[in-house]
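Line by line, the protein sequences give chains S and R. The opening position of the first sequence corresponds to residue 1 in the working numbering, with each subsequent residue numbered one higher. The opening position of the second sequence corresponds to residue 427 in the working numbering, with each subsequent residue numbered one higher.
Number of protein chains: 2
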Amino acid sequence: MKTVKVGVLGIGNVATGTYKTLQLNREKIQKSTGVDIVISKILNRRPDVDRGIDVDPGVYVQDVNLILDDPEIDIVVELIGGIEPATEYMAKALANGKHVVTANKAALAVNGKMLQNLAMENKVMLRFEASVGGGIPVINAITTALRSNDFDEILGIVNGTTNYILTQMTDNGSDYDSVLKDAQEKGFAERDPSGDVEGHDVANKLSVLMSLVFGADIPPSDIPTQGITSVSKVDINYATQFGCKIKLIAAARKVGDTVECEVQPTLIPLTHPIASVNNEFNAIFITGNAVDDVMFYGKGAGPLPTGSAVMGDIIDIACAIDKGSAFDMQPVLRYDSELTFAGEGVNQYYVRLSVEDKPGILGKISSTFGNFGISIESMMQPKHSEIVPLLFIIHETKRSVLDDALADLVANNYVKSVDSVMKVVK
Amino acid sequence: MKTVKVGVLGIGNVATGTYKTLQLNREKIQKSTGVDIVISKILNRRPDVDRGIDVDPGVYVQDVNLILDDPEIDIVVELIGGIEPATEYMAKALANGKHVVTANKAALAVNGKMLQNLAMENKVMLRFEASVGGGIPVINAITTALRSNDFDEILGIVNGTTNYILTQMTDNGSDYDSVLKDAQEKGFAERDPSGDVEGHDVANKLSVLMSLVFGADIPPSDIPTQGITSVSKVDINYATQFGCKIKLIAAARKVGDTVECEVQPTLIPLTHPIASVNNEFNAIFITGNAVDDVMFYGKGAGPLPTGSAVMGDIIDIACAIDKGSAFDMQPVLRYDSELTFAGEGVNQYYVRLSVEDKPGILGKISSTFGNFGISIESMMQPKHSEIVPLLFIIHETKRSVLDDALADLVANNYVKSVDSVMKVVK
């Protein structure tokens, strides 16, 4: 049986999950592929720490070059995360003629094009199923079974931490702060949660998805991004009254020759399949011109689910090496479309205002909206007191136009404060 | 650019959908693959009928051998359906060294092993993404990205006709007969709907899925199968009161060294992701020992969604032909496990009985259940009249044990009639 040697960079959750997945199912993988995959070296700068896996201590190395320069290693698996030094290590591995598997959305979102070119120059594969949606095989589906489609739209819940927090706030009526603390204690959120809760992780993943789905090269820094830190229990309750849940959604769609996209808390109707995706689960909903709507659902994080995706890439490459066809495998990323970036799109919005409860105020607000070309789909005035909340779902408009209208309402003192603005998907 | 020629057998919905998908996206496919795929011949025994596609009449042939024996054709796409002559045609194509793509679950469920062996002997591919779940790329996911997993369980809604009927009965309170008639008028159900409504189509698909997921060789005739013809509005209403929907579910699970499976109407709790799969949509929910729960959702039928899946297989093979590696592609079906078939499993059940409303009857029924080792999870007695319905959700038991207990209840005249027995998934 052919042996394929793998070097792993990093020994965090995903690396231990990858190791465990191989350990669990090695015999089954050998039987179904005819290849023996061996993790021969792991970069582990703190070999004294117990990682909960049963590894021969001789496998651990502290010098990354012992992996990158090892002529016996065919596949380098980068699981350090972060842009650097991960990019540097992957680039060196590719330049050394090694196939690279990574789960690193941050490095891919910024340096994917460079790394992909380097892989093609050196006739090796760069694979990254685990970078979006953890164990969900969405990248594989888009780039293989669904590739007869021209895609129109992506709608994704691709961050387990924020989906866990929003689910707990929705189901248990808890506060953002207390749920975040609970999530940190359970290991669902990091001690510094900003990368998750401010939406940057989602923007990285959306950037990768847009290159796969549309062939568009849109860096995460260009994507209008808003996290969940300002989502309140109040809005979650009102969303329920509009028949919706609030989810942190990565959205992108093709409009003519442009791509519109945004990452933001979004009202999703309960009837939409993505609305029932709860807690640490992720889902990616895609629309193609032949397949129509498809959705992929599963665990977006966690050692074993993510390890499953990393191992899937390793097995694909190992089988291709075994058959001598690894240098012919299709590159995965494409940046080949002529679509231009159009920023945030035209959307429906939920707006929560505080107004003084006096006659005529609704007329003034409606007229102002009308002056800006904004039309109201529905309105709710939940209770009567001196200062009352006033809720609107408005029809498709540009966010910038809506913001101008809202500024005008405040300037004219028709509105005491604009408490919340969120996108609505129908 | 390399040209790969395709011969299509049949000119029904899936064939026209495949043709349209290629026509729609040919340029995009050429650009992303570097291969030009041409449908050079279509077997069409009634070329006078308008199929709504723009085909050069010279493409149509009436003799199947003009395709099977054409040395220029690399890929034969079998879209006739049914076991014969489809199997005979596929076997001849494989023997002639042609790759075969099919959407034919009936032929695969019965003859998959023979066809797969023939493909391997002749060093060609047999591919069938469209045979289960229409456009949903579930077969590809199981056999590639998820293949590092050992799988525990399958739960699927894999027939659009029956799911459409059950959804309409649930949402609109309609009768089975009137919804079936409506579905036939809309083209969602065939004039002879028995293959769908009696569950045979689902059993064929479950047989294919079990070979992919477990490596188990279980023909559809061995699968305990019950269709939806006996599902009533009454049971749908009571299911709602237990927090469940009734869906026609293909289920299989590994228990020790055995596989249990069954196809039957099943109560699914509203909180389960598969419960919100409505109308013509399909979903396949799979549990692996690394990835945990994953679900694939999309249109299980229709010309373009199914055409998307057929084209995905064609593109994969065409790219491999282009690179000279098509003979090395992994076979898809496996029948390599040592799992034995255990028939229908131990499940929870919903039971609806009619009883006379007299004191002590519930005690007698409970005691009888107890004598058979059956324990009750919940009981509901919805209304009072002379003959009343009595509803139970019972804990895990063998269906045969439950049937014995129910027969005993009737024999002892504790129960007037057993009106409904359905599996419950928690």
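Beta carbons are placed, not taken as given, at the ideal position from N, Cα and C, and that holds for glycine.
Using 8 Å as the cut-off, can you tell me whether the region 113-123 of chain S makes contact with the region 272-287 of chain S, which would need three or more C-beta pairs spanning the two stretches below that distance?
Counting C-beta pairs closer than 8 Å gives fewer than three between the region 113-123 of chain S and the region 272-287 of chain S, which falls short of the contact rule.
Could you check how far apart the C-beta atoms of A130(S) and T306(S) are, in whole angstroms? I think they sit under 8 Å.
Here residue 130(S) refers to the residue found at position 130 of the first sequence. Here residue 306(S) refers to the residue found at position 306 of the first sequence. The Cβ separation is near 5 Å, so the contact holds.
Rounded straight-line distance, which links the Cα of V388(S) to that of N413(S)
Numbered from its first residue, the first sequence carries residue 413(S) at position 413. Numbered from its first residue, the first sequence carries residue 388(S) at position 388. Using only the alpha carbons, I get a separation of about 14 Å.
Quick check on this structure: which residue in P483(R), K842(R) and Y776(R) has the alpha carbon closest to the alpha carbon of K671(R)?
Within the second sequence, numbered from 1, the residue matching residue 671(R) stands at position 245. Nearest C-alpha to K671(R): Y776(R).
Listed in chain order, which residues of the region 539-563 of chain R have Cβ atoms closer than 9 Å to some Cβ of chain S?
E555, G560, G561, I562 and P563
Within the continuous alpha helix (DSSP H) that includes H272(S), where are the two ends?
As a first step, residue 272(S) is located in the first sequence; it is residue number 272 there, counting from the start. It is not in any alpha helix (DSSP H) - H272(S) carries neither H nor E in the DSSP assignment.
Contacts of K323(S) in chain R (Cβ-Cβ under 7 Å)
Locating residue 323(S) in the first sequence gives position 323, where the first residue counts as 1. In chain order: S751 and D754.
Taking buried to mean at least 16 other C-beta atoms within 10 Å of its own C-beta, is T33(S) buried or exposed?
Taking the first residue of the first sequence as 1, we reach residue 33(S) at position 33. Label assigned to T33(S): buried.
Using the DSSP secondary-structure output, state which residues sit across from N65(S) in a beta bridge.
Within the first sequence, the letter at position 65 stands for residue 65(S). None, per the DSSP bridge assignment.
So which of L155(S), T397(S), M1(S) and D56(S) has the shortest CA-CA distance to Q23(S)?
Position 23 of the first sequence, counting from 1, holds the residue named residue 23(S). Considering only alpha carbons, the answer is D56(S).
In chain order, what residues of the same chain have a beta carbon less than 6 Å from the beta carbon of G7(S), not counting five sequence neighbours either side?
Taking the first residue of the first sequence as position 1, residue 7(S) is located at position 7. Correct list, in chain order: K41, I67, I73 and V76.
Kindly list the residues whose CB is nearer than 6 Å to the CB of M806(R), restricted to its own chain and excluding five residues on each side of it in sequence; keep chain order.
For the purposes of this step, residue 806(R) is taken as the residue at position 380 of the second sequence. These residues qualify, in order along the chain: L817.
For M737(R), count neighbouring C-beta atoms within 10 Å of its own C-beta (all shown protein chains included) and say buried if the count is 16 or more, exposed if not.
Along the second sequence, one-based indexing puts residue 737(R) at 311. Classification of M737(R): buried, given that the 10 Å Cβ count is 16 or more.
Spatial distance of G343(S) from C261(S) (CA atoms)
Here residue 343(S) refers to the residue found at position 343 when the first sequence is read from its first residue. Here residue 261(S) refers to the residue found at position 261 when the first sequence is read from its first residue. Cα to Cα, G343(S) sits roughly 6 Å from C261(S).
Please work out which residues of its chain come closer than 6 Å, Cβ to Cβ, to F722(R), disregarding the five sequence neighbours upstream and downstream, and give them in chain order.
Position 296 of the second sequence holds residue 722(R). Closer than 6 Å at the Cβ level, and outside the excluded window around F722(R), lie I562, V564 and I710.
Are the Cβ atoms of L828(R) and I800(R) separated by less than 8 Å?
Residue 828(R) sits at position 402 when you count from the first residue of the second sequence. Residue 800(R) sits at position 374 when you count from the first residue of the second sequence. In contact: L828(R) and I800(R) (Cβ atoms closer than 8 Å).
Can you list, in chain order, the residues of its chain whose CB lies under 6 Å from that of D578(R), leaving out five sequence neighbours each side?
Looking up residue 578(R) in the second sequence gives position 152. Taken in chain order, the residues that qualify are K680 and T713.
Proximal residues, the region 709-724 of chain R versus chain S, C-beta separation under 7 Å
G714, N715, A716, V717, D718, D719, V720, M721, F722, Y723 and G724
Please classify S483(R): does DSSP put it in a helix, a strand, or coil?
What you label residue 483(R) is simply residue 57 of the second sequence in a count that begins at 1. Note that residue 483(R) is Pro in the sequence shown, not Ser. In this structure, P483(R) counts as helix in the three-state DSSP scheme.
Contact check, R553(R) vs D742(R), beta carbons under 8 Å:
As a working note, residue 553(R) is residue 127 in the second sequence. As a working note, residue 742(R) is residue 316 in the second sequence. Their beta carbons are under 8 Å apart, which means R553(R) touches D742(R) by this criterion.
Using the three-state DSSP reduction, which class does M90(S) fall into: helix, strand or coil?
Locating residue 90(S) in the first sequence gives position 90, counting from the first residue. DSSP, reduced to helix, strand and coil, places M90(S) within a helical segment of the structure shown.
What residues are listed by DSSP as bridge partners for V202(S)?
Taking the first residue of the first sequence as position 1, residue 202(S) is located at position 202. Looking at the DSSP assignment, V202(S) forms no beta bridge with any residue, so it has no partner.
Members of the region 233-251 of chain S that neighbour chain R once the beta carbon cut-off is set at 8 Å
none
Starting from L534(R), follow the alpha helix (DSSP H) in both directions and report where the run begins and ends.
Residue mapping note: residue 534(R) aligns to position 108 of the second sequence, counting from 1. Where L534(R) is concerned, the enclosing alpha helix (DSSP H) stretches over K531 to E547.
Any C-beta of chain R sitting closer than 8 Å to the C-beta of R147(S)?
Residue numbering aside, residue 147(S) sits at position 147 when the first sequence is read from its first letter. Answer yes: the Cβ-Cβ gap between R147(S) and chain R drops below 8 Å somewhere.
Return the residue from the list S574(R), V536(R), G484(R) and V461(R) that minimises the CA-CA distance to C745(R).
As a position in the second sequence, residue 745(R) is number 319, starting the count at 1. Of the listed residues, the one whose Cα sits closest to C745(R) is V461(R).
Are N149(S) and T570(R) closer than 8 Å when you measure CB to CB?
For the purposes of this step, residue 149(S) is identified with residue 149 of the first sequence, where counting begins at 1. For the purposes of this step, residue 570(R) is identified with residue 144 of the second sequence, where counting begins at 1. No, the Cβ-Cβ distance between N149(S) and T570(R) is not below 8 Å.
Let me make sure I understand the geometry here. Which of A833(R), K518(R) and V623(R) has the alpha-carbon closest to that of E547(R)?
Position 121 of the second sequence, counting from 1, holds the residue named residue 547(R). Considering only alpha carbons, the answer is K518(R).
Check each candidate in G613(R), P497(R), A831(R) and A735(R) and name the one with the smallest Cα separation from I791(R).
Counting from 1 along the second sequence, the entry for residue 791(R) is found at position 365. If we check each option's Cα against that of I791(R), A831(R) comes out closest.
Across the region 584-593 of chain R and the region 606-620 of chain R, are there enough close Cβ pairs to call them in contact, namely three or more that are closer than 8 Å?
yes
If contact means a Cβ-Cβ distance below 8 Å, which residues of the region 455-483 of chain R contact chain S?
Per Cβ criterion, the list reads I455, K457, S458 and T459.
To the nearest angstrom, report how far apart V277(S) and G199(S) are at their CA atoms.
The residue you call residue 277(S) lines up with position 277 of the first sequence. The residue you call residue 199(S) lines up with position 199 of the first sequence. Each residue's Cα considered, the two are about 18 Å apart.
Quick one: give me the first and last residue of the beta strand (DSSP E) that P389(S) is part of.
Working through the first sequence from its first residue, we reach residue 389(S) at position 389. Here the beta strand (DSSP E) through P389(S) covers I387 to K398.
Within 10 angstroms of the Cβ of D618(R), are there 16 or more other Cβ atoms? Answer buried if so, exposed if not.
Indexing the second sequence from 1 puts residue 618(R) at position 192. Exposed, by the Cβ-count rule.
If T528(R) sits next to L520(R), beta carbons under 8 Å apart, how far is it from one beta carbon to the other, in whole angstroms?
Within the second sequence, the letter at position 102 stands for residue 528(R). Within the second sequence, the letter at position 94 stands for residue 520(R). Between L520(R) and T528(R) the Cβ distance is about 11 Å, and since that is not below 8 Å, they are no contact.
If we ignore side chains and look at the alpha-carbon of each, how far apart do T229(S) and A752(R) end up?
Working through the first sequence from its first residue, we reach residue 229(S) at position 229. Working through the second sequence from its first residue, we reach residue 752(R) at position 326. Their backbone Cα atoms lie some 51 Å apart in a straight line.
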